[in-house]
Amino acid sequence: MTFNSLEFFLFMPVVYLAYYFSPDRFRWMLLLAASFIFYAALKVPYLLGVLLLVATATYAFGLWLDRAPTPQAKYRLLWAGVVTNILILGVLKYIPFHAFVAIGVSFYVFQAISYLIDVHDEIEKPEPHFGYFLLYLAFFPKLLQGPIERAGHLIPQLKVLRPGDLQAFRSGMWMIVGGLFKKVVIAERLALLVDPVYSNVQDYAGISLLLATYVYAFQIYYDFSGYTDIALGTARLFGVDLTENFHSPYSATSVADFWRRWHISFSRWILDYIFKPLQMRWRDWQSWGTASALVVTFLACGLWHGSSWGFLIWGGLHGIYMASSVFYNPYQKRLDGVLGLKGSPYLRLWRILVTFNLVCLAWIFFRASNLKDAVFVATHLFGGIGDMSRLIDLWGFREPFVALISMGLLALLSFLSKRQHLAEAFFDRPFWARCLVYYGVIMYLLVLGSFSSRAFVYVRF
Amino acid sequence: MGSEVSLGYLLRLPLKLAALLVLLEASFRWIIPAAYTPYLCFDEKESILRYDPSKLRVGLYTHGGLAEIRARWHINSMGWVNAREYAISNGRPAKPVIAVIGDSYVEAFQVDSDHDFASVLRTELGATYEVYTFGMSGAELSQYLQMSRYVRKAFHPQVLIFVLVDGDVLGSRLATGNKPGCVYFSHSTSGMVETLIPYAGSTAKSLYRKMALLRYIRLNRGLWVPGVSPSGDRSLDAGKDAHEIIDYAFACIRRENPGCTVLMVVDAPRRDIYRGKIPKSNIEYRALVKSVSLQNGFHMVDLSDAMASLYYANHVKFDFDGNYHWNEHGHQVIAEQILEEWPRSRLRARIPRSVAAPEAR
């Protein structure tokens, strides 16, 4: 089931109440059963089998790694475990014609791989309890779209499960509502423009393509961060803290900074398990080694999203952005110093704009249906104004207005909550005042939400 | 660590939630009125769905977040969405009857009852004909056939107008059809079989009808309605299955309605017209309907050309934003197209009274 389905909103209170009233020692079983039901509700029978296969294989390899007598044996076992996971993922995700649905698989396979590497590097001890380990992979709030959790962060929490305290309960509920708001009020509304334009790119020119690309950058952010908020909020109700995945990514001042703010659990994963080992291996090449490691890492990042040229070029572009910064960063710093621009807010703003545009250029390849469309968009972005009436037909005036107001409201709330203790102030108010706020939020969601059967964007990865 | 979520807190939550629900319920009753649709009932004798005139005769249909689309509907004493009664004396209507059969596009909840295309036809042809509409939301071509049997028995129409919209043909398959009280087609070794999905009233449905909040969520916002896209996207009626269904349904209509003029009105691929590109598959579908119509001696009104040329001339859409049903402009265009075809339809020979098929033209 997905977070924006009716089933989820019926499922959640039932699971929460059962969890609340069950004895401590049974809570992990309850969450595991709930996770299986959640996954089975996708009605793809083999997915549960794949989850069990990945869990069993990784669990076994983890134990064998710990018992391996020599470093060479350990190394071989690590590779066997990693290759097994990659093979499972490869069969499901990369065989031609998309014969299988692989929802969630790439997320928990990455968790499994990180677990094996951490056990091999003795960062983590192997988990002896299969139930906890299975729940580490299957925990339903993060099963379909992450965050990609590290064993050291999640498993200890799963061993002492208790319902979140009142503050966690309230903040969790608000996160769920906030996530829904991002998805149905903002992302879905933005998709009303992006989807038709990107389905028929040849019918549009210049400013329409540019606008659709910019709008897509926000659509995917609100869609994915909306999902993550619901995941984090849900986990919080059960007393589990998941990793934050987003931190204002479009205020990044460089592409490297963007990756510190975008899909954080994933970018940390590729940094730790792909980039760092490669950089170590190629350290003799100095800057060239780092640059090459970055390109390879981001190509792998593109490939993780899917086996199309679009994803590969998207990853490749990010790799090139990051690799080139290895060479120009020292000169740029010197130039900023000479021009007296260090710390200037204008320079910061300029960098934010440049970074945003570089990221948007890459999004074209990520979003377009095929390489031909992507090249068309990239080469026609500045092809004049074109027929704006078609764009107005698609989106009208109300939709962008509501989207902008809603984005502004969220930004204002986020800004205010950083400066004041909004939550405490809110919960100090009498019930009727809070009720009016809840009423306002639900009315906003229902009346201005744009409801469609569109799934969350990242669920297909 | 903060204070725990106490049992008292959890027990108070439903009360708080109830207070919130009361506020929302009031809002969707009086501020943004939720849609109201008539009560369904199943006519055991005719095996068709109709509306129950004993429960509710008049109501307000709304659609959209702010109930932007608002129209009044009326149910007549025979259980059909129409402000007028269907007059029958001595088992026969006073004037020759034009029967319009279709789904929600014929019900036309979205426009006031005097602005749908049937009303325009009535205004133009009322001196000579009665125009009766038989629309049922969710009906497919298989159900139109079933409805036409009831219409023939009850009203002896001279003219039958069927309104075909996207998905009506492939939606007739038993494999995909699931509306209780409707008939669907399936293949058997002996040919096409008609199967009626048993109808059963549901307590959950009656409860949902009583709650404005639930009606708003489902009818106004199209939320959580399985298999229905709020934008009106439906599968394209193409391929071998579509051909067989059209062949079978049209042949039944021809055989069962001797002496009757039949007019097939085929909706235009409006979304494609707005995009500026009509896909080949849609052109093939309309060509298929046309050829089978001609084989059976039916007339056909294909709305595509008229809607395309009008749209490219003035950029006015034929449907609502967020609701693919025809707006008043759409209904007006449809009425005009039927009236344009009308003199030709009337002059041409009707289906011969013998059940033998006429020669394909």
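Heads up: the sequence lines are chains A and B, in that order.
Take 1 as the starting number for the first sequence in the working numbering and just add one per residue.
Take 1 as the starting number for the second sequence in the working numbering and just add one per residue.
Note that the Cβ used here is the ideal one computed from N, Cα and C, for glycine as well.
From a predicted model like this one, the values you see are computed outputs, not experimental measurements.
In this model, residue 68/B and residue 350/A are separated by some 43 angstroms (Cα to Cα).
Residues of the segment 172 to 203 of chain A that bring their beta carbon within less than 7 angstroms of a beta carbon in chain B comprise 200 and 203, in sequence order.
Counting only the Cα atoms, residue 289/B lies some 55 angstroms from residue 258/A. The Cβ atoms of residue 365/A and residue 299/A lie no closer than 9 angstroms to each other. Residue-level contact by beta carbon holds for residue 435/A and chain B, with a gap shorter than 9 angstroms. Residue-level contact check: residue 19/B touches chain A, since one or more beta carbons of chain A fall below 9 angstroms from its beta carbon. Taking 9 angstroms as the cut-off, the beta carbon of residue 157/A is found closer than this to the beta carbon of residue 239/A. Taking C-beta separations shorter than 7 angstroms and ignoring five residues to either side along the sequence, the partners of residue 181/B in its chain run 42, 49, 197 and 199, following chain order. For residue 45/B, no chain A residue has a C-beta closer than 7 angstroms to its own C-beta; the minimum C-beta separation is roughly 36 angstroms. Separation of the CB atoms of residue 315/B and residue 208/A is rounded to 16 angstroms, and the pair is thereby denied contact status at 8 angstroms. Contacts with chain B (Cβ-Cβ distance below 9 angstroms) from the segment 31 to 63 of chain A involve no residue at all. Here the alpha carbon of residue 86/B sits roughly 8 angstroms from the alpha carbon of residue 76/B. Non-local C-beta neighbours of residue 178/B in its own chain, meaning closer than 7 angstroms and more than five positions away in sequence, comprise 197, ordered along the chain. Residue environment for residue 297/A: buried (at least 16 other C-beta atoms within 10 angstroms of its C-beta). With fewer than 16 other beta carbons inside 10 angstroms of its own, residue 86/A counts as exposed. Looking at the backbone, the Cα of residue 293/A and that of residue 71/A are separated by about 25 angstroms.
Sequence-distant partners of residue 84/B (beyond 5 residues in either direction) whose C-beta falls short of 7 angstroms from its own C-beta, in its chain, are 76. Residue-level contact check: residue 422/A does not touch chain B, since none of the beta carbons of chain B fall below 9 angstroms from its beta carbon. Within chain B, the C-beta atoms nearer than 9 angstroms to that of residue 393/A come from 274, 315 and 317, in chain order. Under the three-state reduction of DSSP, residue 221/B is assigned to coil, being neither helix nor strand. CA-to-CA, the gap between residue 227/A and residue 180/A works out to about 8 angstroms. Not flagged as an interface residue toward chain B: residue 406/A, since no C-beta distance is shorter than 9 angstroms. In the same chain as residue 290/A, and ignoring 5 residues on each side of it, the C-beta atoms closer than 6 angstroms to its own belong to 279 and 326, in chain order.
Residue state for residue 60/B is assigned as strand, using DSSP reduced to three classes. For the segment 165 to 188 of chain B, the beta-carbon criterion of a distance under 7 angstroms to any beta-carbon of chain A is satisfied by none of its residues. Nearest to residue 305/A by alpha-carbon distance, out of 128/A, 457/A and 33/A, is 457/A. At least one C-beta of chain B is nearer than 9 angstroms to the C-beta of residue 443/A. Straight-line measurement puts the Cα of residue 161/A at about 13 angstroms from the Cα of residue 4/B. With the criterion set as a beta carbon lying under 8 angstroms from some beta carbon of chain B, the segment 341 to 367 of chain A has no members that meet it. Classified as buried, residue 15/A has 16 or more neighbouring CB atoms from the shown chains inside 10 Å of its CB. Here residue 41/B carries a strand assignment [DSSP, helix/strand/coil]. Each residue's CA atom was taken as its position, placing residue 324/B and residue 53/B some 27 angstroms apart. Within chain A, the C-beta atoms nearer than 8 angstroms to that of residue 5/B come from 20, 163, 164, 165, 166 and 169, in chain order. In the pairwise beta carbon analysis, the segment 194 to 214 of chain A is classified as touching the segment 365 to 379 of chain A: at least three pairs are separated by under 8 angstroms. Neighbours of residue 66/B in chain A, taken as residues at a C-beta separation under 8 angstroms, are given in chain order as 447.
Residue 396/A reaches chain B at 321, counting residues in chain order whose Cβ is nearer than 8 angstroms.
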